[in-house]
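Have a look at the structure below before the remarks.
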Amino acid sequence: MEPVVTVGLDGSPESLAAARWAADEADRRRLTLRLLHAWPLLTPEPVHIPSEMDQNYWAKRIVHHAKAELQARHPGLTIVGNLVAEDAQEALLKASAESEMTVLGSRGLEPVESYFLGDVSMPVVARAERPVVLVRAGTREEGPPSAPGASGAVVVALKLHGPCDDLLAFSFAAAAARGVPLQAVHGRSMPLHAHVPWGTDHDVTEKIRQDAQKLLSDALRPWREKFPSVQVTSGIGLESPTKVVVRTAKDAGLLVVGRRRHRPALAPPLGSVATAAIHHARCPVAVIPHD
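This is the structure:
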């Protein structure tokens with residue numbers, strides 16, 4: 001199958017925002033856009049009956065209207081509609097395995113409520129084998145297609161405890177496609193021995209900062225060489241990684257975070273940084289599975 005960007009459609013404002021973002025991304029990367037609507041009650045395709053008697057009328061309408069709008073915005077983009085008689089979660093997981101990325105709508109809720117993404121989005125993010133991007137209605141990149149370099153930077157959050165190549169490959173490609181800078185950020189909480197009665201020990205914090213900056217520079221070096229046109233900056237925050245990442249992404253066009261494919265059985269499906277990014281970052285968030 002040719003490379004595609006898949007977006008899940010359910011007719012909500014959030015899914016339409018996701019579809020607009022996905023169309024922009026597919027156009028940038030010269031990929032096909034697939035509009036997926038899953039509904040277990042879809043019936044076999046009827047023949048020669050009025051539309052008002054077609055039980056699939058509303059499902060078809062969701063896909064048709066989205067396709068018409070997106071095609072008008074992107075005349076040269078190949079867009080295909082896909083109606084499947086399956087549970088939405090399973091259909092999206094199956095589609096994500098054969099997509100360059102899967103794009104879903106994310107609700108912009110109040111802080112307490114924002115920890116409930118819905119019955120579909122969170123399981124797909126937690127189980128998909130390939131990148132999943134969550135887009136809120138009204139975000140920076142939801143709207144008319146922007147000129148190259150018009151959107152904010154791509155921000156990637158790196159833990160530096162192991163290989164970062166999956167996150168960096170996605171982030172550098174996204175920055176290059178947009179013509180925007182890439183900002184790599186690493187947050188590290190201070191160990192107990194760094195704290196003194198008057199604050200923090202400067203020598204200890206500087207040593208931690210220098211060690212982290214070296215690891216970050218080493219991780220970025222081969223990707224800078226592969227993408228010489230991408231302007232790269234990096235930063236170390238000596239505080240909670242979740243605070244560092246969310247604050248850094250305040251004006252970003254896209255935030256990229258990681259998710260380990262294999263987590264302990266009783267651990268939450270997502271780590272603290274990915275969870276905070278999904279619920280509190282205002283820009284689209286790409287979650288990249290990695291080993």
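Note that the sequence shown covers residues 1 to 291 in UniProt numbering.
A virtual CB, placed ideally from N, CA and C, is assigned to each residue, including glycine.
Treat the numbers as computed from the prediction; the structure is a model and nothing was measured.
- Within 10 angstroms of the beta-carbon of Thr-242 lie 16 or more other beta-carbons, which makes it buried.
- In this model, Val-5 and Asp-165 are separated by some 21 Å (Cα to Cα).
- Fewer than three beta-carbon pairs drawn from the segment 191 to 199 and the segment 263 to 281 are found closer than 8 Å, and the two stretches are therefore not classed as touching.
- In the three-state scheme derived from DSSP, where H, G and I count as helix and E and B as strand, Ala-91 is classed as helix.
- In the structure shown, the three-state DSSP call for His-74 is coil.
- In the DSSP annotation of this structure, the continuous segment of the alpha helix (DSSP H) that includes Ala-212 starts and ends at 202 to 226.
- For Met-122, no beta strand (DSSP E) encloses it; the enclosing alpha helix (DSSP H) starts and ends at 121 to 127.
- When secondary structure is reduced to three states using DSSP, Ala-281 falls in the coil class, being assigned neither helix nor strand.
- In summary, Thr-200 is exposed, with fewer than 16 beta-carbon neighbours lying within 10 Å of its beta-carbon over all protein chains present.
- Setting aside the 5 residues that flank it on each side, Ile-236 is surrounded in the same chain by His-186, Arg-209, Ala-212, Gln-213, each with a C-beta closer than 6 Å to its C-beta; the list follows chain order.
- Restricting attention to Ala-174, Lys-226, Arg-260, Leu-238, the CA atom closest to the CA of Leu-254 is found in Ala-174.
- Counting along the chain, the unbroken beta strand (DSSP E) around Leu-104 starts and ends at 101 to 106.
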